[in-house]
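Comments concern the structure below.
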Amino acid sequence: MIGKEHPELITVNQVDRIFASMKISSKKSNDFILLFEALGFVANTQPSLFHKHRAQLLHHVSEKQNISAFQCLQQYLVASTIVDEGKSANEHLTILINLLKGNPKMKSDTRTQIFHVCQLIGVMNKQALKSKRTDLMAFKSYSECRLLLDFIDGEKLTEENQEAINRTRQEIAQMEKLVIKTGKDVQNITKVVKRQELS
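220 is the number of the first residue of the sequence shown in this note's numbering; add one for each residue after it.
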């Protein structure tokens, strides 16, 4: 519950312990649904805590087809792209496209979400999205991918597709506010803890 209400209070040690316990647990990936949901809130606000756990997240997404793990991965990829001002966009788009390529029997919901995350990242760094145009052509039979291709090519978008892009921009703006606010909250908490340690 604290991960949802106050993700800024979660520390790197706590995230490391959670991933370590998942690694050694004999439970099925679906037994971690609530855990991944809580971690998603943390990933959305403190993506740096997840850098070293990306491979494990990808394992739960691609091998175990865990939708909650994908949502956590999605939050991590978008938030870390925001934090580094789009520098990781190309790498993150490659991860997403590889998920599409590596899972031909992927659930429709997950595939739709992957295209949406590509759109989120592409709105932040259109050049990175443009560099993935050839890879995306393999998926042009999906309407969500065609929207991406039209966006890349600068095609005149339908009113509905333009609204989708505008909603994506608004979503990014909200996420940026959250990431910036959390960064300030973490700094304030750190200052308070240091003051208390000195007292």
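We put the beta carbon where it would ideally sit given N, CA and C, even for glycine.
Start and end residues, alpha helix (DSSP H) containing residue i
i, result
"Phe260", "252–264"
"His279", "273–281"
"Asn232", "231–243"
"His311", "308–321"
"His335", "327–343"
Reduced DSSP secondary structure (H/G/I, E/B, other) of residue i
i, result
"Asn385", "helix"
"Thr377", "coil"
"Glu363", "helix"
"Lys246", "coil"
"Gly305", "coil"
"His225", "coil"
"Gln284", "coil"
"Lys396", "helix"
"Lys161", "Outside the shown range of the chain (220 to 418) lies residue 161, about which nothing can therefore be said."
9 Å Cβ cutoff met for residue i and residue j
i, j, result
"Ile333", "Met343", "no"
"Val297", "Asn263", "yes"
"Ala274", "Lys223", "no"
"Lys351", "Thr300", "no"
"Leu367", "Gln338", "yes"
"Leu355", "Ile316", "yes"
"His272", "Asp235", "yes"
"Thr331", "Tyr361", "yes"
"Ala308", "Gly341", "yes"
"Phe255", "Gln290", "yes"
"Asp369", "Asn380", "yes"
"Ile276", "Leu292", "Before going further, note that residue 276 is Leu rather than Ile in the sequence given. Cβ distance < 9 Å, so Leu276 and Leu292 count as in contact."
"Phe251", "Ser287", "yes"
"Ile229", "Val261", "yes"
"Gln284", "Thr329", "yes"
Below-9 Å beta-carbon distance, residue i vs any chain D residue
i, result
"Gln332", "Among the chains in the structure shown there is no chain D, since it carries only a single protein chain."
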